[in-house]
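Participant: Chains V, H, P and W, in that order, are what the protein sequence lines are. Residues in the first sequence are numbered from 1 upward in steps of one, following the numbering used here. Residues in the second sequence are numbered from 1001 upward in steps of one, following the numbering used here. Residues in the third sequence are numbered from 2001 upward in steps of one, following the numbering used here. Residues in the fourth sequence are numbered from 3001 upward in steps of one, following the numbering used here.
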Amino acid sequence: MFSEVCWQIGGEQGTGLDSTVEVFNTVASRAGYYVYAYKTFASRIKGGHTDFTTRLGTTRVQAPAPGVNLLVALDQETINLCAKNVYPDAIVLADEAINPTLPEGVSAKLLTIPFNKMTLALGNPLMKNNIVLGASAAFLGLPLEGFKAYASGRWGNKGEEFVALIHTAMEQGYAHVQANWPDLAISLAPADGKERLLMIGNEAAALGALAGGCRMIFSYPITPASEIAESLVKIFPKVGGIAVQMEDELASIVACVGAGFAGARAMTATAGPGLSLMQEALGLASMTETPVVVVDTQRGGPSTGMPTKQEQSDLLAMAYGGHGDGPRIVLAPGSVEELVPMTAEAFNLADNYHCPVLIASDLALALFQQTVEPEAVELAKLPAVSRGPVADPAALAALGRDIFERYSKNTNENGVSERSMPGMKNGQFLATGAEHGPFGKVWENPANRVYMMDRRMHRLRGVKTEAVRYFGPSEADLVIVAFGTTLGAAKEARAEIEQLTGKKVGVLQIRLIFPVPVAAIAKYVGNGKALVVESNAVGQFAFMLKGSGYNPANLASLLKYDGNLITVEEIRTAATRVLNGEAQFMVTGGGAGVRTSSDPTIVLESAKEAHV
Amino acid sequence: MFSEVCWQIGGEQGTGLDSTVEVFNTVASRAGYYVYAYKTFASRIKGGHTDFTTRLGTTRVQAPAPGVNLLVALDQETINLCAKNVYPDAIVLADEAINPTLPEGVSAKLLTIPFNKMTLALGNPLMKNNIVLGASAAFLGLPLEGFKAYASGRWGNKGEEFVALIHTAMEQGYAHVQANWPDLAISLAPADGKERLLMIGNEAAALGALAGGCRMIFSYPITPASEIAESLVKIFPKVGGIAVQMEDELASIVACVGAGFAGARAMTATAGPGLSLMQEALGLASMTETPVVVVDTQRGGPSTGMPTKQEQSDLLAMAYGGHGDGPRIVLAPGSVEELVPMTAEAFNLADNYHCPVLIASDLALALFQQTVEPEAVELAKLPAVSRGPVADPAALAALGRDIFERYSKNTNENGVSERSMPGMKNGQFLATGAEHGPFGKVWENPANRVYMMDRRMHRLRGVKTEAVRYFGPSEADLVIVAFGTTLGAAKEARAEIEQLTGKKVGVLQIRLIFPVPVAAIAKYVGNGKALVVESNAVGQFAFMLKGSGYNPANLASLLKYDGNLITVEEIRTAATRVLNGEAQFMVTGGGAGVRTSSDPTIVLESAKEAHV
Amino acid sequence: MATMADFRTSEKSWWCPGCGDFGVLAGLQKALVELGIEPQQVALASGIGCSGKIGNYINSYNLHVVHGRSLPAAQGIKLANRELTVIAAGGDGDGFAIGMGHYMHALRRNVDITYIVMDNQIYGLTKGQTSPTSDGGFQTKSTPNGNIEKSVNQMQLAIASGCGFVANGFSANQKQLVEIIKRALQFPGFALVNTYSPCVTFNKLNTFDFYKQEIVNLDEDPTYDRSDRFAAMKKLMETNELVTGIIYEDPNPTRYEDKVSGYREQGIVNQSLEVDPVLWAKILGQYK
Amino acid sequence: MATMADFRTSEKSWWCPGCGDFGVLAGLQKALVELGIEPQQVALASGIGCSGKIGNYINSYNLHVVHGRSLPAAQGIKLANRELTVIAAGGDGDGFAIGMGHYMHALRRNVDITYIVMDNQIYGLTKGQTSPTSDGGFQTKSTPNGNIEKSVNQMQLAIASGCGFVANGFSANQKQLVEIIKRALQFPGFALVNTYSPCVTFNKLNTFDFYKQEIVNLDEDPTYDRSDRFAAMKKLMETNELVTGIIYEDPNPTRYEDKVSGYREQGIVNQSLEVDPVLWAKILGQYK
Ligand SMILES: Cc1ncc(C[n+]2csc(CCOP(=O)(O)OP(=O)(O)O)c2C)c(N)n1
Ligand SMILES: Cc1ncc(C[n+]2csc(CCOP(=O)(O)OP(=O)(O)O)c2C)c(N)n1
Ligand code: SF4
Ligand code: SF4
Ligand SMILES: [Mg+2]
Ligand SMILES: [Mg+2]
């Protein structure tokens, strides 16, 4: 009886594997298991290898699995690429037709099924994946009924005959396994049967936006962000909102600024290339103190980079990428689930701090399905809409015209003053990206400049949000600092490292990337060591920490930038080395394991003799 | 006898003051004086106050003057704004017609001349400024002949009569002063008479580009960068080059990448807003390892900010502003003069390191005239063109087709491999912003990714350039770290601080902003203290230094972000405080003097109690 | 009812004396007054340029954005609150160089805004470089040997892109300009109001006198049928766009807002942000 | 002389089986071969999209840029080395959404490059969203209730902007396509080669069959006069741009390069970078 299992399927891209996996994951979720799914795919539509991995557990699973229990290989390439990751006693289930062979050194059981032949017999090539699902269900002890019910629900509109064919295909797959390998079941412990949700981060962001009062999205398609707009374009008609596909990201962000100026809660969603294009207008939002929310689903950079691969390398661009000094808030979710309240909160922060709020999502969060507890997305428990400082219409009416001080020194405790919105009588003002005085009029007076700059920047010092979240014992010997997708692996690694080393280990989740919560981090790290785990090449968050005054001496770093997810094992290894005093800077990935490296910060190592 | 004097003139924008000042400066330069000029102006064409200041000396002057000797006020506003900066015994020369009054507490001599009346008598409103020039010459003992000769040369094509009128105007102004105030001369010591050059930084950048083999500029007008293209569009026809005004900055930078790919030396020049728009394509140049040069004439940011005011606030955007991790080199000139060799060198660095090279100019360098020593711009002394690793056509021909490894592991000591250029037989390859293998083909293999990322970034660690330049004694108690316009004031302040405090003080010029030359800085600072002086609000360079591992403990900071130039006095004051152990973080400007502040790095000061 | 004074601000204009933009500003203010629109109901998004400063001088809700992006801003405002009168404004460089992409897309998207272009055929604020509407051969700071690019024909592009309202005004012809802007503001859908608004400082070619001489005034041609797209195109070609008046007005206008599914008559900003729990449960159900 | 094989790369194409882009690639390769051009003389700049991958599959100097910017890249290459045959290529989204501004300006700047658009009326690479050339009502991921924007008429825009060579090909009509591309490559000035290049995966509306049925082939109309701009415009309007062949070819073409003052016949990259000391001294003299 396993409390968790890992199922993997690989084949050619564009052969319907996506939806096959969606079926599998949904049925497993409905059966009450926790799901953590991930995949490898390329920036092409058809052809090329793709593989999908689903980790199922009776308790929360939140990181890539250490190994695979059942690998379904639809081609030999899948075996070549994936078999090395299966457990020693795993099952590799392949199509008889491909004459599969296991690579040397892999001890798993290779079983073949005549998938192709069975599909041919059913007379519809789409049935192959259904046979696969049936067979997988049989091995893992998942309820065949669940699969069949799903098919009825989803494809019912295609006619009874079609659904019946699917059912048959599933049954045949199931029966074949039961008949041939009755003893080889990978029995998964029974689930609690609770009804949970399963979604990708982009869907969670869309839900969070809806709950957070967002009614407008202006965006331009890009991997891995597109599903946010694609979800909202379906939701918004129901609430009078609007989703506009703009001509580019420059237009998208500026339309958001316009909408924010008008008083709406508007957002855009993009990935690195789009973020780069938005730098100028993010400065406009900073200058005009206009609320706007941007989700950046980070992917391999720079330039086109690796559009379908994981990375967390836009942190510096999000916090500091625009010309000049302007306020921005950057949040990072630690799970799909967290994207719902965090996206909702982003709109509150934007309205309260009158500046752009960016959400540093990442490809794995954005695109991979994870279980979401229904309690976490109960409407009543999500952040209530808080519109921040808005002028009182009655007070405005009393003012008379042309004297509303939009950028008044009369600020709230956050350093933010009231804004008016078009339609409010006597609230007219000029919002300009040029430096301006209290009424918004262009003004380059030096003293005013200093006031305005301080006004804009200083509000960040007091942002009220849960900046960090700590998991572990107090006074830990080592605190793993993580955010985004990486958090799950860090959390899973924690207990393992404690067990392995006998040391106290904590995980500090960074929810607020910028302004950097240096004090909070220092507090939790205390006299221990900090290991910052991030998916980029130069240690962007560690750099931000150090730049913000954090003592570099006790800061260790684990980086991965090969496009794959950081694993529990990698964190465990790196943490152990830090605890043993063996390493400070480490990288992993690219086929090699965790290895020591030099400080990743890019500096000139030697400067030519300067003349004195 | 003064070894230096300071002349200032103020009036309404758009009344020809620009060219009047150009005459004054040129004549003074031709007379053999060193010139350091600066001005205050607004982002409007006509109207509004403007003032111009010229500091003349018999030795190099390189910062704003501590006070003004002769202020010519064409309106009362000028007196109100500028008179507070004159020396106690200065002369304020105003038009009789404005009924001038000095503000309380200003002890200068207020003299009036009937400028308007005299102009009317001459029958041409353009003559007013010429009378002003004549009067100024008389006070400062500058040769009237020089002014007249200049007029003959410059306006000769407008006819003898016109020139004669100018001469008369100048003479009348001169005579009026001599006749009325024969004893009030502000006598400037005689100059050495050497023929020097006088230019603005944008002209110097254009010269440097020409000398550096640049033959193409693709750009879009923007203050304060436009003069670079406007100079080159006049020069390039003489060398077969081309200057194209593109539709925007997105096009400008991509055209440069195209030209660089084709093997040309191409550049663009812009300011903050344009830089922000270039972030995505700078990543393209980083990824494709294509040489490209960008001059960023920094101005007050963010967004439109203060387009006509000084700032150095694009450093983070230049070094880290794009999404993902990509190599860039950022240079900073310390004077107009230095822009010539540095711009030329930028093209060599781009060709040798195959990455974008940015020049962090700033508004004051870009737009204000400074003396340039002829020796500094002798063609033979400028960096010789070095094209970096280029494939050998013969070797390519031997290769056969489709096997040129553009991104070969066979690199030179900088980690850079040979490139081919269109036209070279068998050199065809794919340059793509997507991750790629050695032949340039898109490849997301994890090990390859790690290699390629390391390959791109690591080249920066060994960039060969004069990263820093040190002025002062060894083992100084305090090292002032400065770059761009700020350098001149730091250099002038150095001796004063030593005198005032009896301590050893040095100035460390940062010529290479990124990769940060941490080791060189640490070496020069030694056991002393470092005071980083910069014109921005959050201490961008100090942040980069700390983020790159520099020990924050002995790092002090002086910031100014009110749009004005940092002065010698401000640096002196700040340095003294640091040496006295009185302050670590200081800001100045905005009408108030140097004052202590908190660490400018924007961090969250308190993080809400996190749940454990 | 609002008066001209209500639409003025206390800010003294930063334009050069005699600049064409004064006339455009006045025309806009007058049109708003005559239509009985209140200042708080007007939102104006402007770009960067001398022209883009127009928002500094009109008492309305003004968003002065980055160079070239007044149109996305205006669309964002309008779609957020369709109850407002929304205007985008800027120069020829702002609109047709860096802003060209947005222009072409705003034309086809057809959100109900009015776009006022102050076309002086030069870059004013950056002190006199060639603009996309500059004439061939024009010598400027950026083309000392004369402009070698074909100039943009923005009105023809508008017609070609299916724009429902295309007009051209002249800063010096207030009467016509006011009428044009009034009509544009009332037009349901994207309305282009180009104006010739001379730069007296940097453009010595396309001056007030030049336009006075060259312009064909459609108001003086009673036979002109402004509902005929082809005629409009022909007229623009014949006159090289040196023509003023309402050049084309779609007799059966539509607008984007009416086609958005689920979009309501009330402005988004005036609707509740609460989510109906039933709807929420239904949406969550999709993830079960 | 180069053969088809010389223009192929060892890279297996990443397009879906049956994708229209195969035909465009083949047509381009064939045209180059037939014109006797050598691979090293060809530089191709492509944008991002399925179509933008074309540079991966042709053995030439290829610059695969960021989304929407193939045209500035191609112009940069051509002006750096006018001895090359320079091609820009990409999709309808790349060219007419994010790239629209550059398109309009490349048209009027008129640098001697050939622009090949693989128009499938959809965003392929991002998996099926509406593109600017998508038909009205088209249901996609981004417009589940149907496209409500007017589609871009890129060929009419080209004509309106004074483009000297406007052609449209169809991926499935190789013969015509090869002839078009050959002619475009030889045309002095900016040449637009639009192509209908169906996306067999995401566009189930504008399929090969659809185009086969709907397209008017100008080659079959001996009376058509391709030197008549007005006729070209009319034809495009009548056919809703569903027409193939060379739609317009300027009988008296000019190009940007010939108007640049001091610009030489030899490519810039092939000229010396040395500065003549006399010239240097003369220039410095201006600052004395
Ligand atoms: C991104 C960016 N690039 C360039 C500029 C500089 N700039 C300001 S206004 C302007 C053009 C002005 O011309 P136009 O739009 O015709 O307005 P005008 O001043 O003539 O009214 C330019 C290029 C800028 N502000 N932002
Ligand atoms: C700045 C930026 N925004 C968005 C994207 C994502 N993206 C890649 S291709 C593409 C559009 C593809 O459509 P099209 O140009 O028509 O090419 P096709 O795939 O249909 O050939 C988009 C939006 C990107 N790569 N860069
Ligand atoms: S420079 Fe030209 S456009 Fe600008 S304000 Fe002056 S006259 Fe008007
Ligand atoms: S998705 Fe469409 S455009 Fe892209 S390769 Fe497949 S068929 Fe071609
Ligand atoms: Mg203009
Ligand atoms: Mg397409």
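All C-beta atoms in this analysis are idealised placements derived from N, C-alpha and C, irrespective of residue type, glycine included.
#1: Starting from V/K546, find everything on chain H with Cβ-Cβ shorter than 7 Å and list it in chain order.
#2: Using a Cβ-Cβ cut-off of 6 Å (strictly less than) and excluding sequence neighbours within five positions of P/Y1980, which residues of its own chain qualify?
#3: Near H/L1379, which residues of its chain fall below 8 Å by C-beta distance, leaving aside the five closest residues on each side in sequence?
#4: If we call anything under 8 Å between Cβ atoms a contact, is V/G10 one with V/H49?
#5: Would a check of beta-carbon distances place H/A1229 closer than 8 Å to chain P?
#6: On the DSSP letters alone, give me the boundaries of the alpha helix (DSSP H) that V/C701 sits inside.
#7: Under 7 Å from any heavy atom of ligand 1, does the C-beta of P/D2094 make it?
#8: Should P/T2201 be counted as a contact of ligand 7 given a C-beta to heavy atom distance under 7 Å?
#9: Excluding sequence positions up to five away, which residues of its chain have a Cβ less than 7 Å from the Cβ of W/G3128?
#10: Residues of chain V with CB closer than 7 Å to the CB of W/S3142, please, in chain order.
#11: What residue does the alpha helix (DSSP H) around V/C82 start on, and which one ends it?
#12: Closer than 8 Å, CB to CB, is P/R2109 near chain W or not?
#13: What first and last residue would you give for the beta strand (DSSP E) that runs through V/W7?
#14: What residues match up with H/Q1298 in a beta bridge as DSSP calls it?
#15: Report whether the distance from the Cβ of H/I1045 to the nearest heavy atom of ligand 3 is below 7 Å.
#16: Any heavy atom of ligand 2 closer than 7 Å to the CB of V/M318?
#17: H/A1398 by DSSP, collapsed to three states: which one?
#18: On the CB-based measure, 16 or more other CB atoms within 10 Å of its CB, does W/F3230 come out buried or exposed?
#19: Quick check on the burial criterion: 16 or more other C-beta atoms within 10 angstroms. Buried or exposed for V/A121?
#20: Indicate whether at least one CB of chain V lies closer than 8 Å to the CB of W/A3088.
#21: Within 7 Å: the Cβ of W/V3066 and any heavy atom of ligand 2?
#22: Do H/V1603 and V/V516 have their C-beta atoms closer together than 8 Å?
#23: Short of 9 Å Cβ to Cβ, which residues in the region 2060–2080 of chain P face chain H?
#24: Using three-state DSSP, classify W/H3067 as helix, strand or coil.
#25: Please tell me whether V/K238 has its Cβ less than 8 Å away from any Cβ of chain P.
#26: Within 10 Å of its beta-carbon, does V/I359 have 16 or more other beta-carbons around it, so buried, or fewer, so exposed?
#27: Whose Cβ in chain V lies nearer than 7 Å to the Cβ of H/F1543?
#28: Starting from the N-terminal side, write out each stretch of the alpha helix (DSSP H) that is 4 residues or longer and does not extend beyond the region 384–441 of chain V.
#29: Please classify H/G1549: is it buried, with 16 or more other beta-carbons within 10 angstroms of its beta-carbon, or exposed?
#30: Within the present structure, is the beta-carbon of P/C2050 separated from the nearest heavy atom of ligand 1 by less than 7 Å?
#31: With DSSP as the reference, label W/K3150 as helix, strand or coil.
Facilitator: Quick look at the numbers:
#1: Those are K1546, G1547 and G1549, listed as they occur along chain H.
#2: With chain P covering only 2001 through 2288, there is no way to say anything about residue 1980 of chain P.
#3: If we look at H/L1379 and ignore the five residues flanking it on each side, its Cβ neighbours are A1211.
#4: Yes. Within cutoff.
#5: Closer than 8 Å to some Cβ of chain P, the Cβ of H/A1229 qualifies, so yes.
#6: The structure shown has nothing for residue 701 of chain V, since chain V only spans 1 to 612.
#7: In this structure, the C-beta of P/D2094 approaches ligand 1 to less than 7 Å from one of its heavy atoms.
#8: No copy of ligand 7 appears in this structure; the ligands present are ligand 1, ligand 2, ligand 3, ligand 4, ligand 5 and ligand 6.
#9: Here the set comprises I3122, T3140, K3141 and F3202.
#10: Below the 7 Å Cβ cutoff, chain V contributes P221, A229, E230, V233 and Q245 as neighbours of W/S3142, in chain order.
#11: Segment Q76 to C82, the alpha helix (DSSP H) holding V/C82.
#12: P/R2109 belongs to the set of residues whose beta carbon lies under 8 Å from a beta carbon in chain W.
#13: Segment E4 to E12, the beta strand (DSSP E) holding V/W7.
#14: Answer by DSSP bridge pairing, in chain order: H/D1362.
#15: For ligand 3, at least one heavy atom lies less than 7 Å from the Cβ of H/I1045.
#16: For ligand 2, not one heavy atom lies less than 7 Å from the Cβ of V/M318.
#17: In the structure shown, H/A1398 sits in a helix (DSSP, three-state: H, G or I).
#18: That one is exposed.
#19: Exposed, because fewer than 16 other Cβ atoms sit within 10 Å of the Cβ of V/A121.
#20: It does not; no Cβ of chain V falls within 8 Å.
#21: Within the cutoff, so yes.
#22: Yes, the Cβ-Cβ distance between H/V1603 and V/V516 is below 8 Å.
#23: From the region 2060–2080 of chain P, only H2064, V2065, V2066, H2067 and G2068 have a Cβ closer than 9 Å to chain H.
#24: It is coil, neither helix nor strand.
#25: It does; some Cβ of chain P falls within 8 Å.
#26: By the neighbour-count rule (16 or more Cβ atoms within 10 Å), V/I359 is buried.
#27: In chain order: G547.
#28: Correct list: 393–399.
#29: H/G1549 counts as buried, since no fewer than 16 other beta carbons sit within 10 angstroms of its beta carbon.
#30: Yes, Cβ of P/C2050 sits closer than 7 Å to a heavy atom of ligand 1.
#31: In the three-state reduction of the DSSP assignment, W/K3150 falls in the coil class, being assigned neither a helical nor a strand state.
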